[in-house]
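What follows is a single structure, written as structure tokens, with notes after it.
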Amino acid sequence: MNTTAGEGHTPPKEIAKVMTKGEKLLWFDHPDALSFAQTKLKSLMMAVPFFVFSVIWFKVFLKPTMPEYMGVIGWIFAGFGMWQFMVPVWALIVAKLFMLYAITDSRLLAIQFYPKSKVKSVVLKDLVNILKLKGSGKSGTLIFEVPDMANKKATKEGQFVKAAVTFYGISNVDRIEDAVNQLRGVKPAPSGAPAAPKVK
């Protein structure tokens, strides 16, 4: 995937639309569509029983002597099963065509601009924890967490946190994690570890 960043580059209109005056874009990219679609696979587990029930309804329970409208029940279950089956397929399309992730000098942004506009953001100074899930090669997922007293999940430092923004399936995940840590003022990796590259 092609990434662009840095001073002098024009942000895509979908990102420029949500940036504030004076905010500078440092990096942007699309999510890996397959990685994002995999988060919706639980819908397939829901689709199977609805398909099975519709088949059983037509083959076992529905009798010729029953009113015609009784067949609608089977079609309702079949239709709901098909809808659940399409959820990860639609997620793959949305991620590939209509989502962008961005890092500015002050925020992390996850933007969906179709079928309806959704923007999730984290101010860098509010970020307390980053979870990294490694994928194949240099790719992976970053989950950015902020304080949340209503959440019972605590970090190692004892803070209560919640996931505010997630970058699914981004390339060069280590580089992006290090760059975000640099922006928030976290100390560099210990001696012997690769140096954190700048976001450019």
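Start counting at 1 in the sequence shown, then tack on 12, and there's your number in this note's numbering.
Even for Gly, the Cβ is constructed at its ideal location relative to N, Cα and C.
Given 8 Å, three or more beta-carbon pairs between the stretch 25 to 43 and the stretch 59 to 74: No contact exists between the stretch 25 to 43 and the stretch 59 to 74.
Close Cβ partners of I155 (< 6 Å) along its chain, the five nearest in sequence each way excluded: Excluding positions up to five away in sequence, the list reads L143, A175, T178.
Nearest neighbour of V67, chosen from I88, E80, S47 [CA to CA]: With distances taken between CA atoms, V67 lies nearest to I88 out of I88, E80, S47.
Neighbour-count burial assignment, S47, 16 or more Cβ in a 10 Å radius: The residue in question, S47, is buried, as its Cβ has 16 or more Cβ neighbours within 10 Å.
Candidates I188, K137, V173: closest to K273 by CA position: An answer regarding residue 273 cannot be provided, because it is not within the stretch 13 to 212 covered by the chain.
Between the CA atoms of F70 and V213 - distance to the nearest angstrom: Limits of the chain in this structure are 13 at one end and 212 at the other, which puts residue 213 out of reach.
For P127 and F110, the rounded distance between their alpha carbons: Using only the alpha carbons, I get a separation of about 8 Å.
Sub-8 Å separation of V185 and V173 beta-carbons: In this structure, V185 sits away from V173, with a CB-CB distance that is not shorter than 8 Å.
Option in G83, Q194, M57, Y180 with minimal Cα separation from M94: Nearest of G83, Q194, M57, Y180 to M94, Cα basis: M57.
Span of the beta strand (DSSP E) around M111: Its beta strand (DSSP E) spans residues 111 to 116.
Counterpart residues of T178 in DSSP-defined beta bridges: Partner(s): I155.
Assigned secondary structure, G93 (DSSP; H/G/I helix, E/B strand, else coil): It is helical.
Sequence-distant residues of the same chain with beta carbon closer than 8 Å to G147, five excluded per side: D44, S47, T153, G181, V185, listed in sequence order.
Residue(s) in a DSSP beta bridge with S133: Partner residues in the beta bridge of S133, as assigned by DSSP, are L121.
Alpha carbon of G86 to alpha carbon of S118, nearest angstrom: Between G86 and S118, the C-alpha separation is close to 53 Å.
6 Å CB neighbourhood of L195 in its chain, flanking five on each side removed: For L195, where only same-chain residues beyond five positions count, the Cβ hits under 6 Å are L136.
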